[in-house]
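*Asks:*
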Amino acid sequence: MFDSLPTELIHQIVLCLPIDSKPWFLIFLCKQFHRSLVDETFVLQHLVKYNAFATPDIVYDLCGLYQTIYASRHFKEDKNITWNGVVTKEALNVFNTLPSLEVLSLFMYQIEDPVYEKPTPPVLNSNSIINLRLTYCHGEIPKWTLPNLEILAITSHQSKPQPIPSHIGSHPHLKSLLISNANMTGPFPSSFFSLTSLTRLSIDRTNLCTTIPPEFSHLASLTHVDMNECNLHGPIPDFSPLQNLVQLYLRSNNLTGPIPSSIGALKNLIYLALDRNSLSGEIPVELGAIPLKTLVLEFNSELCGPLPSSFSARIGKMDGLFVDGTAIVGVTRSDGRGLNSVMDIQKLIDAGMAVNS
1 MFDSLPTELI HQIVLCLPID SKPWFLIFLC KQFHRSLVDE TFVLQHLVKY NAFATPDIVY
61 DLCGLYQTIY ASRHFKEDKN ITWNGVVTKE ALNVFNTLPS LEVLSLFMYQ IEDPVYEKPT
121 PPVLNSNSII NLRLTYCHGE IPKWTLPNLE ILAITSHQSK PQPIPSHIGS HPHLKSLLIS
181 NANMTGPFPS SFFSLTSLTR LSIDRTNLCT TIPPEFSHLA SLTHVDMNEC NLHGPIPDFS
241 PLQNLVQLYL RSNNLTGPIP SSIGALKNLI YLALDRNSLS GEIPVELGAI PLKTLVLEFN
301 SELCGPLPSS FSARIGKMDG LFVDGTAIVG VTRSDGRGLN SVMDIQKLID AGMAVNS
């Protein structure tokens, strides 16, 4: 439709729209960049002028515009070409001039022709961005100035192995850090433990190849810790200072040693999964005193001994107790009936039987 309209006419349509309609129409124009004669600079100027709301559509299409500019042969050759009097490189500043931009999602894919790679903006300074999502990004994680960032998600990071960036720790308001399938290695930088506002940490399918340092105790705001398939090794540290912890998942790593009795001090812990490690010894009695709904210890072949009697009053209240692939044996319940094997315990859970049944 708009391909057949003169650019001047499109500009006039935008100027005549009610102010509350302009952002949405401009979003639509953004989607037409690669197949119409719409003046990109005109759209950028009006997105800024009318303080367009921060929506994934705006964000995604501005990223597409960035790609269009970057892929320009003239830009690659570092020539100062202009579009309607605006220097091409200056157009990239749109990322820094949207005062309502809260969510920035950059989707970047490696295509064989390097001209069409989608690089990250070289500079980003924004007080408004609180949610940054990087998917299929290449090279080093950029060091941007985002003082109010609350959510950082890095997914399928494509690069040579690199350390966890120390500048991740420069976001004092960060509440959620999600890293998945990223080519990052440990150890955790010391700055990481200055993220005292962090409530959710999720790292999976990332070859950190490091230990869990005791400094994790500094992150007292954490409610969810998920570090699965991260090639973590060594013992499980003392998590007892993390009194807000509701979920602790350390699945499919190479953790060794006993399950720390200090986990029993986590009075809000509901979900604990330590399966597919190399843990050994007996289950601490203290674990039976906390309100666990799910306990997953499967495939730790050196875990042994009976399930502590402290669990007997809780068995019927739990949603899941998984001990396959261990040497853990039964428990005597408070009603006097014995559970003499792992199979009996599993049947009890599966049947949803209550303690007083």
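Quick note on numbering: the sequence shown equals residues 1 to 357 in UniProt numbering.
Ideal Cβ positions, reconstructed from N, Cα and C, are used throughout, including at glycine.
Here the structure is a predicted model, which means the values were calculated and not measured.
Give a yes or no on whether the C-beta atoms belonging to Leu279 and Met318 are separated by under 8 Å.
*Replies:* It is not a contact, given that the beta carbons lie outside the stated cut-off.
*Asks:* If contacts are defined as beta-carbon pairs under 8 Å, then Leu219 and Leu250 qualify, I think. What distance do you get, rounded to the angstrom?
*Replies:* About 15 Å separates the two Cβ atoms, so there is no contact after all.
*Asks:* Here's a check: name, in chain order, each residue in its chain whose Cβ is nearer than 6 Å to the Cβ of Ile141, leaving out the five neighbours to either side.
*Replies:* If we look at Ile141 and ignore the five residues flanking it on each side, its Cβ neighbours are Pro165.
*Asks:* Output the residue ranges of the alpha helix (DSSP H) runs that lie fully inside the segment 300-327 and measure 4 residues or longer, sorted by chain position.
*Replies:* As far as the segment 300-327 is concerned, it has no whole alpha helix (DSSP H) run of at least 4 residues.
*Asks:* Enumerate, from N- to C-terminal direction, the unbroken beta strand (DSSP E) stretches of 3 or more residues contained entirely within the segment 201-268.
*Replies:* As far as the segment 201-268 is concerned, its whole beta strand (DSSP E) runs of at least 3 residues are 224-228, 247-249 and 254-257.
*Asks:* Provide the residue span of the beta strand (DSSP E) that contains Arg133, from first to last.
*Replies:* That run of the beta strand (DSSP E) goes Asn131 to Thr135.
*Asks:* Return the bridge partner residues of Pro147 from the DSSP annotation.
*Replies:* Pro147 pairs with nothing; no bridge assigned.
*Asks:* Return the residue from the list Trp144, Gly305, Ser252 and Ile130 that minimises the CA-CA distance to Arg205.
*Replies:* Out of Trp144, Gly305, Ser252 and Ile130, Ser252 has the C-alpha closest to the C-alpha of Arg205.
*Asks:* Between the alpha carbons of Ser197 and Arg314, how many angstroms are there, rounded?
*Replies:* Looking at the two C-alpha atoms, the distance is approximately 33 Å.
*Asks:* Go ahead and pull the three-state DSSP assignment for Ala182.
*Replies:* Of the three classes helix, strand and coil, the one that applies to Ala182 here is coil, per DSSP.
*Asks:* Would Asn183 and Pro161 qualify as a contact pair, given that the criterion is a beta-carbon distance under 8 Å?
*Replies:* The answer is yes: Cβ separation under 8 Å.
*Asks:* Could you give the distance in angstroms between the alpha-carbon of Ile154 and the alpha-carbon of Asn228?
*Replies:* Straight-line Cα distance between these residues: approximately 15 Å.
*Asks:* According to DSSP, what are the bridge partners of Ser190?
*Replies:* Beta-bridge pairing links Ser190 to no other residue.
*Asks:* Among residues of its own chain, excluding the 5 on either side of residue 358, which ones have a beta-carbon nearer than 6 Å to its beta-carbon?
*Replies:* In the structure as shown, the chain starts at 1 and stops at 357, and residue 358 therefore has no counterpart that could be examined.
*Asks:* Among Glu302, Val225 and Ser217, which residue has its Cα nearest to the Cα of Glu282?
*Replies:* Checking every option, the nearest Cα to that of Glu282 belongs to Glu302.
*Asks:* How far does the beta strand (DSSP E) with Ala273 in it reach, from first residue to last?
*Replies:* Element bounds for Ala273: Tyr271 to Ala273.
*Asks:* Considering only DSSP beta bridges, list what Gly169 is partnered with.
*Replies:* According to DSSP, Gly169 bridges with nothing at all.
*Asks:* What residue from Ile179, Asn125, Asn127 and Gly169 has the CA that sits closest to Arg133's CA?
*Replies:* Nearest of Ile179, Asn125, Asn127 and Gly169 to Arg133, Cα basis: Ile179.
*Asks:* Less than 8 Å between the beta carbons of Gly264 and Leu287, yes or no?
*Replies:* Yes, they are a contact pair.
*Asks:* Report all residues from its chain with a CB closer than 6 Å to the CB of Phe299; omit the five preceding and five following residues, and keep chain order.
*Replies:* Around Phe299: Asp275, Arg276 and Gly325.
*Asks:* If you run the structure through DSSP and keep just helix, strand and coil, what is Glu298?
*Replies:* Glu298: coil per DSSP, three-state reduction.
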